[in-house]
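Let me begin by presenting the structure, written as structure tokens, before commenting on it.
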Amino acid sequence: QGSQGSQGSQGSQSSQGPQPSWLNLRRHFVACAVPMIGFGMMDNTIMIHAGEFIDEHLGLVLGLSTMASAAAGQVVSDFTGVIFGGTLEAAASKLGLPHPRLSDQQRQMSVVKFMGTAGSAVGVLCGCMIGMGNIFLLDLNKVERQKKQAELQTICKTFAIDGPAQFEAERCTLYFLDSDPSYLWTFAKRWQLSSAQLMEFKTFTREQNYSDGAITSALADLNFKASEIAHLVRKSQESSSEDFKVYLEQQLEKPTKIKLREGGTKRHVAETKLLLNVPKVFSDPRFAGTHRDSGSGTRACSVLVCPILSRRTGEVLGMFEVINKKPKKGGTQGGTPGCCSFTEVDEKLILMMCGHVANIVHTICDDDAQLLEFLG
């Protein structure tokens, strides 16, 4: 009986095959780990860069969250991993690593399967950790800044674009103070040219001073050369009024850097930090030196300017300007065609709008110095 038991034990051992050596188990561990290191590196690298690209481009357009962009990047990464998984294994086989000498029976043993799984898990973990190093190559705050910038620009431009209709005025401009406090940037501007202004522009001649007309003066402030203004005058005479009106409004709405003139309305608001409502700016002794009546009703007459004050420091960040309140149909005020005063309702509206802009800046910008950066 003892002889039969010994023979049964030997038969069972021979059916399973001899136990693999520790050398072969280590070789099996390494052989499984190395390809997975490459896979983990590739997986995280593609996911990070694809996710950033999606977040930076499609995320801004489609309004995707950062997590949604990361999930989309993971889809791209997994898809790429399936396609190039065989390439990684082939590359690993060319490294000349020692090959484990395991029989088919040994490969079915639990210890061999465990070592293979452990090698793959450790390999992909190390690869992913190495792939995470790509994070240090990225500007992690870039996309967040772009989203804040787009939000701030959209809101601020909406105020200027909708301003003429809200105030029933000729034009609205949103200014922000430059790093040099003696200059302003026209961030958003909207003109609604009148027939009188277009007619005056069409009949302009080279002999006239370009500061005489409302449009020519505005173009000069935008750094248009005399020859360029003359070209636009000729174009206005050749084109239809409606087509040229649209084109000219686009030219006038270009952003520009302007100097705060001594004795000007914007300089006054920047210094006093108070709302300014002037019914006839050319008749006000404070501003008579910088504004004059052209007699044709095409220049600035009624002016409403409100400062945008920082919620942090109380300093002026910018200002919102509304020019020329439109009269009721066929109406005039004070003998000057089209010169109407802004009302108390207009004052409350512009105070509310400027307060809203200040709140947005306070929420979006970490400090006031970021404002010009966000505005581009």
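Going by the numbering used here, the sequence shown opens with residue 43, and the numbers climb by one from there. For each residue, glycine too, the CB sits at the ideal point set by N, CA and C.
Residue i - DSSP class collapsed to helix/strand/coil
i      : result
Arg354 : coil
Leu413 : helix
Pro206 : helix
Asn183 : coil
Trp381 : This sequence places Cys at residue 381; Trp is not what is there. Note: Cys381 maps to coil in three-state DSSP.
Val124 : helix
Thr228 : strand
Glu386 : helix
Gln55  : Below a pLDDT of 50, predicted positions are generally treated as unreliable, and Gln55, at 45, falls in that range; the measurement from the model is reported next regardless. Reduced to three states, the DSSP call for Gln55 is helix.
Ala400 : helix
Glu212 : strand
Lys136 : coil
Lys287 : helix
Lys368 : coil
Arg328 : coil
Gln150 : coil
Arg276 : helix
Ala342 : coil
Leu130 : helix
Asp61  : In the sequence under discussion, the amino acid at residue 61 is Gln, which differs from the Asp named in the question. Gln61: coil per DSSP, three-state reduction.
Glu270 : helix
Glu193 : helix
Straight-line Cα distance separating residue j from residue i
i      : j      : result
Phe178 : Ser282 : 57 Å
Ile257 : Asn86  : 57 Å
Gly158 : Cys74  : 6 Å
Ser344 : Gly356 : 27 Å
Pro223 : Leu359 : 10 Å
His99  : Phe121 : 20 Å
Pro142 : Asn176 : 34 Å
Arg68  : Ser107 : 45 Å
Arg303 : Leu226 : 11 Å
Ala342 : Val320 : 11 Å
Leu216 : Cys198 : 8 Å
Val117 : Met83  : 16 Å
Ile440 : Asn183 : Residue numbering for the chain in the displayed model covers 43 to 418; residue 440 lies beyond these limits and cannot be assessed.
Arg149 : Met171 : 29 Å
Ser336 : Cys407 : In this prediction, Ser336 has a pLDDT of 48, which is less than 50 and means its spatial position is unreliable; what the coordinates show is noted afterwards. Cα to Cα, the separation comes out at about 42 Å.
Ser145 : Val154 : 11 Å
Ile365 : Ala114 : 48 Å
Gln188 : Gly123 : 31 Å
Phe218 : Glu212 : 20 Å
Ser383 : Pro206 : 14 Å
Phe126 : Lys136 : 16 Å
Residues of its chain near residue i, where Cβ-Cβ distance is below 7 Å and the 5 sequence neighbours each way are ignored
i      : result
Ser348 : Per the sequence shown, the amino acid found at residue 348 is Cys instead of Ser. Same-chain partners within the cutoff: Leu317, Met361, Phe362, Ile392, Leu393, Cys396.
Glu210 : Lys367, Lys368
Val164 : Ala75
Met78  : Ser162, Gly165, Val166, Gly169
Ser54  : Any reading at Ser54 must be qualified, since the residue scores a pLDDT of 44, below 50, and its modelled position is unreliable; no value is offered.
His398 : none
Residues near residue i by beta carbon distance below 6 Å, same chain, minus five either side
i      : result
Ala112 : Gly93
Leu261 : Ile271
Beta bridge counterpart(s) of residue i as assigned by DSSP
i      : result
Leu318 : Val347
Met361 : Tyr217, Pro349
Lys299 : Trp227
8 Å CB neighbourhood of residue i in its chain, flanking five on each side removed
i      : result
Asp410 : Ser352, Arg354, Thr355, Glu357, Leu359, Val403
Ala400 : Ile350, Leu351, Ser352, Arg353, Leu359
Q.
Between the stretch 321–331 and the stretch 185–203, can you find at least three pairs of beta-carbon atoms closer than 8 Å?
A. No contact exists between the stretch 185–203 and the stretch 321–331.
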